[in-house]
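Counted the way our numbering counts, the sequence shown spans residues 288 to 572.
Glycine included, every Cβ here is placed at the ideal spot set by N, Cα and C.
Data block below; observations after.
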Amino acid sequence: MVKNLIRNKSFYKGRLLGKYWRVIIDGTGLFYFREKHCENCLVTKVEREDGKKETRYYHKVLEAKLILSEKIVISLGTEFIENESEDVSKNDCELNAAKRLLKRIKKEYPRLMFCIQGDALYAAESIMELCRKNHWEYVLTQKETRQPLLEESYEWIKEGNGGEEVSGIGKERGQGYFVNHVEEMVEAGRGRWKIENEGFNNQKNGIYNIEHLNSYDSTAMKNHYLITQIADILMQLYLSWNPLIRELGQSKKNTSSRLLESFRRQTVTDEDVLYIQRYTTVYLE
Ligand SMILES: [Zn+2]
288 MVKNLIRNKS FYKGRLLGKY WRVIIDGTGL FYFREKHCEN CLVTKVERED GKKETRYYHK
348 VLEAKLILSE KIVISLGTEF IENESEDVSK NDCELNAAKR LLKRIKKEYP RLMFCIQGDA
408 LYAAESIMEL CRKNHWEYVL TQKETRQPLL EESYEWIKEG NGGEEVSGIG KERGQGYFVN
468 HVEEMVEAGR GRWKIENEGF NNQKNGIYNI EHLNSYDSTA MKNHYLITQI ADILMQLYLS
528 WNPLIRELGQ SKKNTSSRLL ESFRRQTVTD EDVLYIQRYT TVYLE
């Protein structure tokens, strides 16, 4: 489905500088349990308010979201952050999961040009090296605590008047300093911010409720999560190609219930089947 959407020229406009598909990597927690849940749980000790230590068992996920357009941001790949077995000495982490995910994306889409975007957590040498090796670009957020040397250099160049003060940046008319004259990056960086705030939030608080535990079984949990990503792609496409739905003021929840209802009730005619046969090819590997 994703490959077809990429091949479909209608989203070419969404590429950065007419060339790079923007991919945002971002992690989120899915579930946590107070008792051991499975062999693959991430295990953390937290201190409670009363000073007592408590062990918590987590399940997290890392997403690579592909920006097709300002309104359509879909899952390009999912990597579950989990331990291989119970007896590992160190928990799996976002960074390791990101490496696995990016390698998998390169394998699945060897020729596509990507611009990887993420927050300061991913601004690590290993990720940048991986991007360069894949001939991808990257825009990563810098944070004082995570990249102190970069912060220092930036301040140093700025103080020596090596930076250029610019005002009226973007829609917000913001102010900033360009140390390397990289104005295009403002647009790209803003895209990352948007998805972090909208992508997961929609799924968490909106109609899908990805944090709701539907099954205690970890394989079922993962399958449910992945199916949600597929549903999300369909929903975003449906909503963006039917702008009238927004104007009707129908809530997303209603829209999805009605969609589901129409799948259930509407009779599929011979004509529909013919149409599907003509325009759909399923490849089984
Ligand atoms: Zn578990």
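- Contact annotation, residue 382 with residue 408: C-beta distance approximately 7 Å; criterion of less than 8 Å satisfied.
- The C-alpha of residue 311 lies about 24 Å from the C-alpha of residue 499.
- Around the beta carbon of residue 555, fewer than 16 other beta carbons lie within 10 angstroms, which makes this residue exposed.
- Annotation for residue 433: 407, 408, 410 place their beta carbon closer than 8 Å to its own, counting only its chain and skipping 5 residues before and after.
- Taken from the Cβ of residue 324, at least one heavy atom of ligand 1 lies inside 6 Å.
- Per DSSP, the beta-bridge partners of residue 402 are 309, 424.
- Taken from the Cβ of residue 380, every heavy atom of ligand 1 lies 6 Å or farther away.
- A straight-line Cα-Cα distance of about 17 Å links residue 392 and residue 306.
- According to the DSSP assignment, residue 527 belongs to the alpha helix (DSSP H) that extends over 505-528.
- Using a Cβ distance threshold of 7 Å, residue 323 and residue 344 count as a contacting pair.
- Under the three-pair Cβ rule at 8 Å, the stretch 422-432 does not count as touching the stretch 324-334.
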